[in-house]
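Since the structure comes first, as structure tokens, the remarks are kept for the end.
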Amino acid sequence: MWVGYNAKILKDDSRIQKIEYLTQINNSPTDPAVVKETMRRSLQIASECQKDFFSVTYDLAMAKIALRIQSAEDEFEKLFINFGPFHIMLSFMKAIGKFISGSGLTNILIDSEILASGSISSFLSGKHFNRCRKIHPLLSLALQNLHLERFLQQHDQDLENIKEYLKIFNEQQNDDPQITNENLKKLFNKYEEYKNETLNGRHGKTPQIYLMYTRLVEYYLQLEYSIRIGDFNLFVDTLPKITNVFFSMNHHNYARYMSIYWDKLINIETTHPGLLDDCQKSFMGIRRTIKPFSRIPVDLTLEQTINADAASKASGIVNITNSFSARQKWSITHSLRTSVISKVMEFCNMKSTDDITKDLKKSTINKSTKNLQVLMQLIKQYTNPFGLELSEDHLYNISKGQSVNDEVYNFLSSVEIEGEKQNKNFIAESRVTPDRFDKAITRNKIINFEYKNTQKVKINGKVKEVQMQRDVFGRLLYVSLKNKIDLEKALSYPLAPIPFSLCHTNGTICKTPKSVIINELLEYQTEIVNPPEADIHLVDGFYLLHTLKNLPNRYGNDYNPAFFRKGKKKPFSILKKNENFQEAFIQLLRIKNTELTTSNEVVQIIEEYVCRMYSLKTKNDLNKGRYELFEKGYKSKNDNEKILKQKIVGYDPSSLPPTKQELLQQIKRTVFICNIWCNAHMRCPTEKLPENFGWTIIDGKYEYYWFDGPQSPSFEELSSDLQESDITSEESETDEDDNDVSSEHLSDESDED
1 MWVGYNAKIL KDDSRIQKIE YLTQINNSPT DPAVVKETMR RSLQIASECQ
51 KDFFSVTYDL AMAKIALRIQ SAEDEFEKLF INFGPFHIML SFMKAIGKFI
101 SGSGLTNILI DSEILASGSI SSFLSGKHFN RCRKIHPLLS LALQNLHLER
151 FLQQHDQDLE NIKEYLKIFN EQQNDDPQIT NENLKKLFNK YEEYKNETLN
201 GRHGKTPQIY LMYTRLVEYY LQLEYSIRIG DFNLFVDTLP KITNVFFSMN
251 HHNYARYMSI YWDKLINIET THPGLLDDCQ KSFMGIRRTI KPFSRIPVDL
301 TLEQTINADA ASKASGIVNI TNSFSARQKW SITHSLRTSV ISKVMEFCNM
351 KSTDDITKDL KKSTINKSTK NLQVLMQLIK QYTNPFGLEL SEDHLYNISK
401 GQSVNDEVYN FLSSVEIEGE KQNKNFIAES RVTPDRFDKA ITRNKIINFE
451 YKNTQKVKIN GKVKEVQMQR DVFGRLLYVS LKNKIDLEKA LSYPLAPIPF
501 SLCHTNGTIC KTPKSVIINE LLEYQTEIVN PPEADIHLVD GFYLLHTLKN
551 LPNRYGNDYN PAFFRKGKKK PFSILKKNEN FQEAFIQLLR IKNTELTTSN
601 EVVQIIEEYV CRMYSLKTKN DLNKGRYELF EKGYKSKNDN EKILKQKIVG
651 YDPSSLPPTK QELLQQIKRT VFICNIWCNA HMRCPTEKLP ENFGWTIIDG
701 KYEYYWFDGP QSPSFEELSS DLQESDITSE ESETDEDDND VSSEHLSDES
751 DED
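Residue numbering for the sequence shown follows the UniProt record's numbering, starting at 1 and increasing by one per position.
Here it is in structure tokens:
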């Protein structure tokens, strides 16, 4: 979103740069001899270009070797060693992921369908750059909008004139947009003061931490912005802020070398006179298209050009030959071949000349706006971190609505401050004692939202962390390939302490927006007629509860989980088309608790309804349906082979329906809740006990009771069933063989006759 906006308002008069491939070196890039050879080639290119000094960019692994070579040999003093900004961004994304891990933001991203459940790890670890660079700014923008809403609630402002001005301002096309409205300027100044107060904790712990996350995302945006426009000063100003976070989040390799890199950058005019101008023009970022605001880091350009081209099946060389000489010829001639192809495409009018960025396409704008609105709506539905009803003395996980320990707040709120202290101490110690630079840096204890959320047990005298794994089914498949077990029977058990079809990995229940079903029901109302007089007055009790102080934010909120990624539209559509399903839900209220079993006729009809929700071929057996979907994910492509894939890949069990026992408890909770709703006008809405309807009491609190019976079968049970079936099949085969033998004897006798 922000890239498209800046591309629209900014001008870029810099030259478009060409990418040329050098002759390959047939050795590991981290080999010191290879790094030294690249430095020599850089000096040769500088000489050919008649440059006194030259900038060369490496990733961290090669850059630290290059720095050592440069400090030992004077011939390389003319080179300025740059660290690849793309790899710096990747490491910083991982640091941001540590900051928000366990905060509940990922659960909201999953429920909004912006992030897939299987992509949580790559998102938090920063391994998938494109995913991170899109989602972090979007999530940050949603939180900033909610913070702005809080500011406007607490400050009475005449916004009508400002809204009118902004409407006209957005309609105008201006190469250099400037805010001229004095009221809007004053509002901006007030909000900036309010924002600083929030970051300092004056408005509560929860708003402070979640707004700090938006500031970390802002550091990333500033770094990328400085590269895209070639702003050297902004780059130098942002780098130490990122380095502070590296120190506090234990990214010690980057923390160590970013401190020395920043020192070299601020002294570049002294050590390499005249090189700063070249850095701003070309070395900070590569511009390959005519689109404005399109520069990208040098190391990212490497990934998108020679690394991508060499690995491409269409134009690459690595899939064709292992000959080193052939690869050298390919690298030398590739730029010439691509230039010829580009000219031919342009001559044939097959090359697009549109300079509008993808972010400015109407479809992309609509999609981004929709995602932003969904995110804001879901955050409000869970726990709005900027809600005025929140206690200022506690830090909350916004998906659970539970407060965390003070030590979590103390660590997160001091991430930048403590990181800055460590950064300054490291620089001071390294200047006094140069050997300090290579020595180990003391690791910090990461006390984020996930701290103490994992159990630790001792196994063989060693402490090991027990974490919930979504890919239990992939592990089950691996066991089935090594041992003969009945997978279909295994999948009739929950296999996990919580049903992933109803919950997230941290135990929080899945939810869907309430407004969806209201919009569906409004379609049945053809005309709205106001009554002549009011006989009943309704009081919004939920709103009144939120006016009370020190009341838990989660009180009275969603108490029955939704089916993961099934929403409300599809289930409601199936329900309204089938009268049997409608009648079954009506009959639920008339059934006694003792009659609610998996063999009950009404329960079986609802089981069929859930099978329809998951589009199963098996229409009335959820346990078989689970195996059907599991087999679909792992079945061999050869239909003739009734075997599962040998290659183990991750499989997300949240895509499978619940077991029969898990569904039964879900039905019981539904019965209990509906009884209260139907009898809400009575003094005592229900005499039913929650512990008989899908809940249990643990430590004086109601917790979900997910299923009856064991979580998983024993290995002997699974293998014995298959052994019995094998014996039966062998006996039948033996009987058939005996029949064949007897028939052969009869035929022989008949022949003799």
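From the three backbone atoms N, C-alpha and C, an ideal C-beta is built for every residue, glycine too. Only a predicted model underlies this, so the values are computations on that prediction, with no experimental measurement involved.
With distances taken between CB atoms, is the gap from residue i to residue j smaller than 9 Å?
i, j, result
"residue 285", "residue 204", "no"
"residue 493", "residue 566", "no"
"residue 616", "residue 602", "no"
"residue 184", "residue 232", "no"
"residue 622", "residue 563", "no"
"residue 1", "residue 138", "yes"
"residue 102", "residue 407", "no"
"residue 706", "residue 662", "yes"
"residue 155", "residue 190", "yes"
"residue 626", "residue 664", "no"
"residue 411", "residue 445", "yes"
"residue 710", "residue 496", "no"
Which of the three DSSP states is assigned to residue i in this structure?
i, result
"residue 678", "helix"
"residue 581", "helix"
"residue 503", "strand"
"residue 178", "coil"
"residue 80", "strand"
"residue 16", "coil"
"residue 828", "Residue coverage of the chain in this structure runs from 1 to 753, which leaves residue 828 outside it and unanswerable."
"residue 766", "Limits of the chain in this structure are 1 at one end and 753 at the other, which puts residue 766 out of reach."
"residue 509", "strand"
"residue 56", "strand"
"residue 194", "helix"
"residue 618", "coil"
"residue 23", "coil"
"residue 703", "strand"
"residue 289", "coil"
"residue 697", "strand"
"residue 465", "Caution is warranted here: a pLDDT of 40 is assigned to residue 465, below 50, making its placement in the model unreliable, and no coordinate value can be reported."
"residue 712", "coil"
"residue 409", "helix"
"residue 667", "helix"
"residue 28", "coil"
Does residue i pass the burial test, meaning 16 or more other C-beta atoms within 10 Å, or should it be called exposed?
i, result
"residue 344", "exposed"
"residue 756", "The structure shown does not extend to residue 756, since the chain spans only 1 to 753, so no value can be given for it."
"residue 440", "exposed"
"residue 18", "exposed"
"residue 422", "buried"
"residue 524", "exposed"
"residue 448", "buried"
"residue 262", "buried"
"residue 80", "buried"
"residue 97", "buried"
Just the C-alpha distance for residue i and residue j, rounded to the nearest angstrom, thanks.
i, j, result
"residue 364", "residue 220", "22 Å"
"residue 296", "residue 258", "20 Å"
"residue 21", "residue 299", "14 Å"
"residue 371", "residue 135", "10 Å"
"residue 48", "residue 76", "16 Å"
"residue 669", "residue 704", "9 Å"
"residue 3", "residue 534", "53 Å"
"residue 610", "residue 600", "15 Å"
"residue 360", "residue 570", "32 Å"
"residue 550", "residue 198", "Low local confidence applies: a pLDDT of 41 at residue 550 is under 50, so the model's placement there is unreliable, with the coordinate-based value given in what follows. Each residue's alpha carbon lies about 20 Å from the other."
"residue 391", "residue 383", "12 Å"
"residue 583", "residue 572", "14 Å"
"residue 714", "residue 491", "13 Å"
"residue 86", "residue 522", "50 Å"
"residue 367", "residue 5", "15 Å"
"residue 186", "residue 192", "10 Å"
Does the Cβ of residue i lie closer than 8 Å to at least one heavy atom of the ligand FMN?
i, result
"residue 146", "The ligand FMN is not among the ligands present in this structure, which contains no ligands whatsoever."
Taking 9 Å as the CB-CB cut-off, is residue i touching chain D?
i, result
"residue 360", "Given the protein chain composition of this structure (a single chain), no chain D is represented."
Given 8 Å as the limit, is there contact between the stretch 16 to 30 and the stretch 53 to 67, that is, 3 or more CB pairs closer than that? yes
Any chance the stretch 233 to 245 sits against the stretch 144 to 160, with 3 or more Cβ pairs inside 8 Å? no
Could you check whether the stretch 192 to 209 touches the stretch 266 to 286, counting it as contact only if at least three pairs of C-beta atoms, one from each stretch, sit closer than 8 Å? no
Would you call the stretch 373 to 393 and the stretch 143 to 158 in contact, with 3 or more CB pairs under 8 Å? yes
Is it the case that the stretch 380 to 389 contacts the stretch 114 to 125, given that we only count it when at least three CB pairs across the two stretches are under 8 Å? no
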